[in-house]
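> When we follow the numbering used here, the leftmost residue of the sequence shown carries the number 39, and every step to the right adds one.
Idealized CB from N, CA, C, for every residue including glycine.
Okay, handing you the structure first.
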Amino acid sequence: AQSGGPTPVINASLAGVIAEALNHEDEIVDILGGLNGIQGILHEQLIDLASETQQTLRNLEHTPGAALGTCRYKVKKAEDFDRILQVFEAHNIRYFHYIGGNDSQDTAAKIDALAKERGYELRVIGVPKTIDNDLPLTDHCPGYGSVAKHIALTVREMSLDNAAMGQNDFVSILEVMGRNAGWLAASSVLAQRREKSDDNGKNASKNTHYGCTAPHIVLLPEVPFNADNFVQRVQEVLKHNAHCFVVVSEGVQDEAGNYLGADTSSTDAFGHAVLGGAGEYLRTLVEGRFDGVKARASKLGISQRAASHNSSKTDVEEAKLCGREAVKAAIKGESGKMVILHRSTKEQYAVETSLAPLTD
39 AQSGGPTPVI NASLAGVIAE ALNHEDEIVD ILGGLNGIQG ILHEQLIDLA SETQQTLRNL
99 EHTPGAALGT CRYKVKKAED FDRILQVFEA HNIRYFHYIG GNDSQDTAAK IDALAKERGY
159 ELRVIGVPKT IDNDLPLTDH CPGYGSVAKH IALTVREMSL DNAAMGQNDF VSILEVMGRN
219 AGWLAASSVL AQRREKSDDN GKNASKNTHY GCTAPHIVLL PEVPFNADNF VQRVQEVLKH
279 NAHCFVVVSE GVQDEAGNYL GADTSSTDAF GHAVLGGAGE YLRTLVEGRF DGVKARASKL
339 GISQRAASHN SSKTDVEEAK LCGREAVKAA IKGESGKMVI LHRSTKEQYA VETSLAPLTD
């Protein structure tokens, strides 16, 4: 089953699970998918995945969204967990792979614990997924690399667009996802590309553009926001540039711990604050503090997690690898664990996989 917000590569993990399961006909008779995450299991909405062709699986690797459907349902009640095991027993399900982030892996851990308590033979292996890159123990999470690439490309393209307009004293603000982790906002610096002019830029006017210097300011949740410091930084950038490009994470908080521009009265099923509004907050702040400076706030929004056209090839392969390794681990008898990635010691970039307890 798949859970939480989709990523550009969540379906690649699903393809990996299916492809590997098809290689073990002696151990695996049926391959079932739960529709709309854990809710599909609760409602016994299961579909047969064993008949999928290799071409379908290849297409699935690059398909946006979540092919099985997903949900943000928090399993709280004991009767819900009882129902999950009841459905598993009814269909003789002995391997369970949950593709998701922190909350999904927590649910998987509880299902694993209950199965052991009840004496039901079930092997639970989680498959990591989150664009926020905030799962512990793993070097990085499938989904992050593709969105990092998308953000960096977007910042570069928007910066070039700003430069082309020839506007002076303009502040462009881009709000990105990430919740309380700054990995996505930080990835925007990959947009920077400095090119030298014939005179090394010494005689370049304020409006001349060489390469891409954006973003000029990146605001992370890990660093408390101070309005006066931010205004000073913008002022300094505009002294040397025609425009200032700011990337802000949706989870940035001020020094009192308040999310910038967010409606903290609203929460999701897991009790998380509904974030969004940091960009507009900064736009209002800039236009209120500066005379003659225009500001525009943009939000990448859902395009970040849906942009499979910008997916990273490495990310796709690693997501698929995690799906395959989850199946292999379950067949070997492992349970209550999640597949994690760590970098090999090879000089050229490569990853290896291992397992970490879901309870960690």
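DSSP three-state label for K167, please.
Residue state, collapsed to three classes: coil.
> Here's a check: name, in chain order, each residue in its chain whose Cβ is nearer than 6 Å to the Cβ of K244, leaving out the five neighbours to either side.
Residue confidence is low: K244 scores 46 on pLDDT, short of 50, so the model does not pin down where it sits. No coordinate-derived value is stated.
> In angstroms, rounded to a whole number, what distance separates the CA positions of V275 and G374?
Looking at the two C-alpha atoms, the distance is approximately 50 Å.
> Nearest-angstrom Cα distance between D103 and Y133?
Contrary to the premise, residue 103 reads as Gly rather than Asp in this sequence. Each residue's alpha carbon lies about 24 Å from the other.
> With 16 other CB atoms within 10 Å as the buried threshold, where does G371 fall?
Result: exposed.
> Would you mind sorting D292 into buried or exposed? The rule is 16 or more other CB atoms within 10 Å of its CB.
Flag for D292 reads exposed.
> Give the secondary structure of M215 by DSSP, where H, G and I count as helix, E and B as strand, and everything else as coil.
M215 falls in the coil class under three-state DSSP.
> I need the boundaries of the beta strand (DSSP E) containing S349, first residue and last residue.
Taken as a continuous stretch (DSSP letters only), S349 belongs to no beta strand (DSSP E), as it is neither H nor E.
> Output the boundary residues of the alpha helix (DSSP H) element that contains G222.
The sequence as given places Leu at residue 222; Gly does not occur at that position. It spans W221 to S225 - the alpha helix (DSSP H) in which L222 sits, taken as one unbroken run.
> If we count Cβ pairs, one from each stretch, closer than 8 Å, do we get three or more for the region 324-331 versus the region 147-167?
The region 324-331 vs the region 147-167: no contact.
> Looking at the secondary structure, which residues open and close the alpha helix (DSSP H) in which E405 lies?
Lying outside 39 to 398, the shown extent of the chain, residue 405 is not represented and no answer is given.
> Confirm, please, whether the CB-CB distance from V256 to A219 is below 7 Å.
Result no, Cβ atoms of A219 and V256 do not sit closer than 7 Å.
> Go ahead and label A116 buried or exposed: buried means 16 or more other beta carbons lie within 10 angstroms of its beta carbon, across all protein chains shown.
It counts as exposed.
> Is it true that the CB of P253 sits closer than 7 Å to the CB of V193?
Going by C-beta atoms, V193 is nearer than 7 Å to P253.
> Is the CB-CB distance between V55 and H135 below 7 Å?
Yes, the pair counts as a contact, with Cβ atoms nearer than the cut-off.
> What is the residue span of the alpha helix (DSSP H) that Y319 lies within?
A316 to R327 is the extent of the alpha helix (DSSP H) around Y319.
> Write down every uninterrupted run of the beta strand (DSSP E) in the region 112-168 whose length is 3 residues or greater and which is fully enclosed by it, in chain order.
As far as the region 112-168 is concerned, its whole beta strand (DSSP E) runs of at least 3 residues are 133-138 and 161-166.
> If we count the other Cβ atoms within 10 Å of its Cβ and call it buried at 16 or more, is R231 buried or exposed?
Counting Cβ neighbours within 10 Å, R231 comes out exposed, since fewer than 16 surround it.
> Have a look at the DSSP bridge pairing and note the partners of M196.
Paired residue(s): none; M196 is not in a bridge.
> Cutting at 8 Å between CB atoms, please list the residues of its own chain near V185, excluding the five before and the five after it.
Within the same chain, V185 has close Cβ partners T45, P46, I169, M215, L222, S225, Q342, R343 and A345.
> Which runs of the alpha helix (DSSP H) at least 4 residues long sit entirely within the region 62-112? Give them in chain order.
Listed in chain order, the complete alpha helix (DSSP H) runs (minimum 4 residues) inside the region 62-112 are 75-80 and 92-98.
> Quick check: the Cα distance between T145 and I122, rounded to an integer number of angstroms?
Rounded to whole angstroms, T145 to I122 spans 11 Å at the Cα level.
> Suppose you measure from the CA of H278 to the CA of M196; what does that come to, to the nearest Å?
Rounded to whole angstroms, H278 to M196 spans 19 Å at the Cα level.
> Using DSSP bridges, identify the partner residues of R381.
V389, per the DSSP bridge assignment.
> Can you say whether A202 is buried or exposed, counting buried as having 16 or more other CB atoms within 10 angstroms of its CB?
Label assigned to A202: exposed.
> Which class does V275 belong to by DSSP, given the choice of helix, strand or coil?
Helix at V275.
> Determine, using beta-carbon pairs with one atom in the region 379-392 and one in the region 205-213, whether at least three such pairs fall under 8 Å.
No, they do not touch.
> Using the Cα positions of S51 and L87, report the straight-line distance between them to the nearest angstrom.
In a straight line, the C-alpha of S51 is about 14 Å away from that of L87.
> Where T246 and C282 are concerned, what is the direct C-alpha to C-alpha distance, given to the nearest angstrom?
Per-residue confidence for T246 stands at a pLDDT of 44, beneath the threshold of 50, marking its modelled position as unreliable; the derived number appears in the next sentence. Approximately 14 Å, taken between the alpha carbons.
> Quick one: give me the first and last residue of the beta strand (DSSP E) that V418 is part of.
Any answer about residue 418 is impossible in this case: the structure gives the chain only from 39 up to 398.
> If you draw a straight line from the alpha carbon of K187 to that of G361, how long is it in whole angstroms?
So the two alpha carbons sit approximately 22 Å from each other.
> So Y319 and L298 are supposed to be a Cβ contact under 8 Å. How far apart are they, rounded?
Confirmed, Cβ separation roughly 4 Å.
> Can you give me the C-alpha to C-alpha distance between F263 and V290, rounded to a whole angstrom?
If I take the Cα positions, the gap works out to 7 Å.
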